[in-house]
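Quick notes on the structure that follows.
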Amino acid sequence: MEKPKLISEDGVRVDGRRLDELRPIKMEVGVLDKSDGSAYVEFGKTKVFAAVFGPREVHPKHLALPERAILNCRYHMTSFSVEDRKPLGMTRREVELSKVIREALESIVFLEEFPRTSIDIYVEVIQADGGTRTTGLTAASLALADAGIPMADMIAAVAVGKVEGHLVLDVCDIEDKYGEADLPVAMAPRLNSIVLLQLNGRLSREEFQKAMALAREGISKIYQMQREALKRKYSSVEEG
Ligand code: CDP
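See below:
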């Protein structure tokens, strides 16, 4: 397919956004009954549920660690989340994303407080339109907070892209597909710590610095929305 024009002369993107604009975002915590904590997060057309169980007994028991909890994470895309025919089993991509999401979360959860237990996190992509790992991480950390799991901070995440020579915040699928670079970034903002950073494509040193500044701006807005989503649930519990 021929590459469509993605940014107009006056800097407007395919979906009408400015270069530094996030997609419309929705966040809600405590959306599922069976898990200990849950969240639903939407970035434009990207829609993700996250659910957390635990700390609970490890199965099989011999995998338990005497000094800390095990964090298990499964990132999965539903068969109807993408246009292509997605295999039913876990793809290599899903295994990789489960690992990077887990590693990011391990850096903020106080695992040593729950020896011999496991904390199990499920990230389920309902619809994918770019940025599912960042949306998944944002949802997973909300679900952990909803489960009452002690953490040093929450994680907020977004991807910056380079499209037709411009740096753009919060890339959607078509920008990811036809763009020159894609830089997913996740941070624990209160700790000022970067917990995930991947780069697909090429950026100059100067572009990288600008992209990181753009990511930080987006992340601080997302973090604020996460705090509000948590407050919405817990203030309504107090009132009710
Ligand atoms: O989703 P994320 O940007 O974190 O990861 P990616 O591997 O860079 O994928 C970018 C986008 O490609 C996804 O969000 C989907 O919209 C799309 N994709 C797809 O259409 N089919 C797949 N099997 C995998 C990804």
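Going by this note's numbering, the sequence shown opens with residue 1462, and the numbers climb by one from there. Beta carbons: idealized from backbone N, C-alpha and C, even for Gly. Since we're looking at a predicted model, the values are computed, not measured.
Here residue 1623 is buried. Its C-beta has 16 or more other C-beta atoms within 10 Å. The beta carbon of residue 1564 sits no closer than 7 Å to any heavy atom of the ligand CDP. Excluding the 5 residues flanking it on each side, residue 1516 has same chain C-beta neighbours closer than 6 Å at 1530, 1575, 1578, 1580, in chain order. With a contact defined as Cβ atoms closer than 8 Å, residue 1676 and residue 1616 miss out at about 13 Å.
Straight-line measurement puts the Cα of residue 1514 at about 35 Å from the Cα of residue 1674. Secondary structure in the region 1514-1584: the alpha helix (DSSP H) runs of 4 residues or longer, each lying completely within the stretch, are 1553-1567 in chain order. With fewer than three CB-CB distances shorter than 8 Å, the region 1482-1497 does not count as touching the region 1534-1552. One Cα belongs to residue 1500, the other to residue 1589, and the distance between them is close to 17 Å.
Here residue 1645 carries a strand assignment [DSSP, helix/strand/coil]. Taking the CA atoms as reference points, residue 1569 sits about 28 Å from residue 1637. Residue 1468 carries a strand assignment under DSSP once its states are collapsed to helix, strand and coil.
Secondary structure of residue 1496 (DSSP, three-state): coil. C-alpha of residue 1630 to C-alpha of residue 1657: approximately 16 Å in a straight line. A check of alpha carbon separations from residue 1505 across 1477, 1520, 1612, 1535 identifies 1477 as the nearest. Taking the C-beta atoms as reference points, residue 1597 is found nearer than 8 Å to residue 1509. For residue 1489, the uninterrupted beta strand (DSSP E) segment begins and ends at 1486-1490.
By the Cβ-count criterion, residue 1524 is exposed, with fewer than 16 other Cβ atoms from all chains shown falling within 10 Å of its own Cβ. No Cβ-Cβ contact shorter than 8 Å links residue 1681 with residue 1645.
Boundaries for residue 1597: no beta strand (DSSP E) harbours it, while the alpha helix (DSSP H) harbouring it runs 1593-1607, taken from the DSSP string. In the DSSP annotation of this structure, the continuous segment of the beta strand (DSSP E) that includes residue 1623 starts and ends at 1617-1624. Unbroken beta strand (DSSP E) stretches of 3 residues or longer found wholly inside the region 1647-1688: 1654-1658, given in chain order.
Taking 8 Å as the cut-off, the beta carbon of residue 1586 is found no closer than this to the beta carbon of residue 1552.
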